[in-house]
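Residue numbers (this note's numbering): 5 to 531.
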């Protein structure tokens with residue numbers, strides 16, 4: 005057996021078999037990787053044509069970040085990469101962020117949750133005008149049990165403006181608004197295919213919720229929408245033949261609304277459920293299943309794809325991007341976070357239901373202060389029933405104002421947004437108390453967005469463990485500098501690193517002694 009030779013005729017085998025050479029070879033993912041042996045050891049060669057053929061025990065083709073996920077996802081959404089920048093509420097996922105993602109061949113969603121209809125309308129108009137030649141962008145529609153009318157009006161707006169993609173989030177059950185987005189515009193082609201102008205992605209964290217989006221829309225909701233004149237009979241009939249969502253994102257331990265489920269357990273379960281439902285209804289195209297939550301490093305992204313994800317969705321890490329609609333002061337707090345610097349706190353939009361969300365705990369007291377408000381809500385039927393010392397403590401240590409002052413601000417807000425909330429509060433003291441406490445929860449997010457340093461201790465910053473993992477991975481490198489943290493550079497480096505990690509794992513499974521250093525991808529400027 006002869007060895008590959010250098011131009012000077014010396015034996016190249018010692019270099020090929022060195023840990024340094026193997027590590028360097030794993031980085032060259034866009035070239036063929038030849039697995040060679042000297043009879044006892046295996047190594048990697050990428051810069052030579054191995055000869056004779058007997059030395060080669062395997063060859064891996066080039067690997068590109070574009071190929072990590074499902075090609076059907078990329079084809080359906082007209083994107084180059086199987087990567088989504090998820091919506092972050094209150095416009096933190098800005099129109100600029102969505103635009104940059106679309107132009108880079110990826111998919112991004114504007115964070116419409118928590119905003120009033122006029123703000124959403126302005127953002128949709130800006131996106132529709134600026135991306136009129138593209139369909140790889142979208143807007144979020146969040147389940148709003150406290151404001152169902154706003155949810156429905158937002159859905160109608162998105163359909164009227166022909167938003168190409170809608171991301172449905174925080175749904176525990178299907179609502180008329182969600183079904184309307186999924187069914188409006190359905191049509192059957194001559195070849196039997198059923199298509200719709202609005203592609204639906206739904207975030208799920210429980211199998212029972214996933215099944216609702218994997219299945220056709222419930223007949224009772226379709227019938228109601230037809231009776232109200234919002235769907236045609238033909239659209240309703242076609243909706244019985246297709247799933248509500250074309251893609252579902254399995255959301256694991258993420259920032260904001262989360263059940264904190266481990267991705268390694270949840271994603272395979274939903275994939276099996278998807279296959280079962282596809283057989284049950286005989287779909288032509290299975291629903292795509294992506295992964296989100298906890299994806300702050302290349303290793304995590306590679307793991308999601310290895311589990312079978314068709315695409316990945318990032319959220320927390322994008323709050324540190326230059327395009328994110330949150331203050332530099334809040335971004336500085338995010339930059340200091342580690343994986344354990346998160347906590348669960350009451351959610352403003354589902355406060356009365358006791359729903360919680362995941363927030364940053366380091367540098368802010370929001371989580372324990374919000375918990376005090378919820379404990380008072382559970383313990384008392386009205387604001388007036390709260391003992392005077394306890395009420396004074398909440399005013400001093402949490403609200404930062406008297407209950408009467410907060411109620412005045414609350415009244416002004418709901419008078420402009422939804423006067424029915426005030427009518428209900430007049431009849432129900434418990435609801436009035438909820439509105440007062442929700443003022444703090446809603447304001448705390450706005451203080452973080454605006455950078456109100458006087459209320460820094462009350463910042464509500466949605467954040468999962470991915471942020472801390474991202475900070476540790478990028479420490480000391482290109483993405484450690486805030487000005488380099490664009491949403492596109494974050495995405496490209498996560499994908500590039502995931503491809504390197506995948507190549508290293510492939511080689512290890514073929515017996516190559518891949519050093520640990522081969523799995524450590526260092527971020528750099530990518531185009």
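Virtual Cβ for every residue (Gly too), placed ideally from N, Cα, C.
These numbers come from a predicted model, not from an experiment.
Is it right to say residue 324 is buried, meaning 16 or more other beta carbons lie within 10 angstroms of its own, or is it exposed?
buried
Kindly give me the distance between the Cβ atoms of residue 271 and residue 254, rounded to whole angstroms, as I take these residues to be in contact under 8 Å.
5 Å
Please report the residue range of the alpha helix (DSSP H) in which residue 217 lies.
211-218
Anyone know if the C-beta pair for residue 67 and residue 33 falls short of 9 Å?
yes
Rounded C-beta distance between residue 163 and residue 155? I'm assuming under 8 Å.
Contact doesn't hold; Cβ gap of about 13 Å is too wide.
Give the range of the alpha helix (DSSP H) segment to which residue 505 is assigned.
491-513
Can you give me the Cβ contacts of residue 252 inside the same chain, cut-off strictly under 8 Å, excluding the 5 residues immediately before and after it?
205, 206, 207, 208, 214, 217, 218, 274, 278, 291, 292, 293, 294
Using the three-state DSSP reduction, which class does residue 289 fall into: helix, strand or coil?
coil
Residue ranges of each alpha helix (DSSP H) run of no fewer than 4 residues wholly in the stretch 203-289, ordered along the chain?
211-218, 223-231, 237-243, 267-285
By a C-beta neighbour count over all protein chains shown, 10 Å radius and 16 as the cutoff for buried, is residue 259 buried or exposed?
buried
If contacts are defined as beta-carbon pairs under 8 Å, then residue 516 and residue 47 qualify, I think. What distance do you get, rounded to the angstrom?
Between residue 47 and residue 516 the Cβ distance is about 6 Å, and since that is below 8 Å, they are a contact.
Measure the alpha-carbon distance for residue 58 versus residue 23 and round it to whole angstroms.
Summary for residue 58: the model assigns pLDDT 48, below 50, so the residue's position carries little reliability, and this model does not support an answer.
Quick one: is residue 425 buried, meaning 16 or more other Cβ sit within 10 Å of its Cβ, or exposed?
buried
Please report the straight-line C-alpha distance between residue 132 and residue 168, rounded to a whole angstrom.
9 Å
With DSSP as the reference, label residue 403 as helix, strand or coil.
helix
Sorted by chain position, which residues of the same chain lie with C-beta nearer than 6 Å to residue 140's C-beta, five sequence neighbours on each side aside?
81, 82, 83, 106, 111
Rounded to whole angstroms, what is the Cα-Cα separation between residue 303 and residue 504?
Approximately 9 Å between the Cα atoms of the pair.
Rounded to whole angstroms, what's the CA-CA distance from residue 477 to residue 468? Just pull it up for me.
About 15 Å.
Kindly list the residues whose CB is nearer than 7 Å to the CB of residue 166, restricted to its own chain and excluding five residues on each side of it in sequence; keep chain order.
Closer than 7 Å at Cβ, skipping near neighbours: 201.
What does DSSP give as the partner residue(s) for residue 295 in the beta ladder?
254, 316
On the criterion of 16 or more Cβ atoms from any shown chain inside 10 Å, does residue 43 qualify as buried, or is it exposed?
Residue burial annotation: residue 43 is exposed, with fewer than 16 other C-beta atoms found within 10 angstroms of its C-beta.
In its own chain, which residues sit with a C-beta less than 8 Å from the C-beta of residue 366, not counting the 5 before and 5 after it?
Excluding positions up to five away in sequence, the list reads 337, 340, 341, 342, 345.
Mind the definition here: the stretch 346-354 touches the stretch 367-375 only if three or more C-beta pairs lie below 8 Å; say whether that holds.
Counting Cβ pairs under 8 Å, three or more are found: they touch.
Quick one: what does DSSP say residue 530 is sitting in, helix, strand or coil?
coil
Whole-angstrom Cβ separation of residue 94 and residue 494, contact assumed at under 8 Å?
About 20 Å separates the Cβ atoms of residue 94 and residue 494, ruling out a contact at the 8 Å cut-off.
By Cβ distance, which residues of its chain are closer than 8 Å to residue 328, with the 5 residues on each side in sequence left out?
92, 96, 97, 98, 101, 322, 335, 491
To the nearest angstrom, how far is it from the Cα of residue 143 to the Cα of residue 128?
8 Å
Can residue 316 and residue 170 be called in contact, C-beta distance under 9 Å?
no
Once DSSP output is grouped into helix, strand and coil, what is the label at residue 419?
Helix at residue 419.
Which residues mark the beginning and the end of the beta strand (DSSP E) in which residue 134 is found?
Segment 121-134 is the alpha helix (DSSP H) holding residue 134; no beta strand (DSSP E) there.
Could you tell me if residue 437 is buried or exposed, where buried requires 16 or more neighbouring beta carbons within 10 angstroms of its beta carbon?
Classification of residue 437: buried, given that the 10 Å Cβ count is 16 or more.
Would you report the Cα separation of residue 236 and residue 392, rounded to the nearest angstrom?
57 Å
Let me check understanding here. Comparing Cα to Cα, which of 197, 148, 193 lies closest to residue 180?
148
Determine the closest residue to residue 333 out of 434, 433, 461, with distance taken between C-alpha atoms.
Here the closest residue by C-alpha is 461.
DSSP has residue 172 in a bridge; who is on the other side?
145, 206
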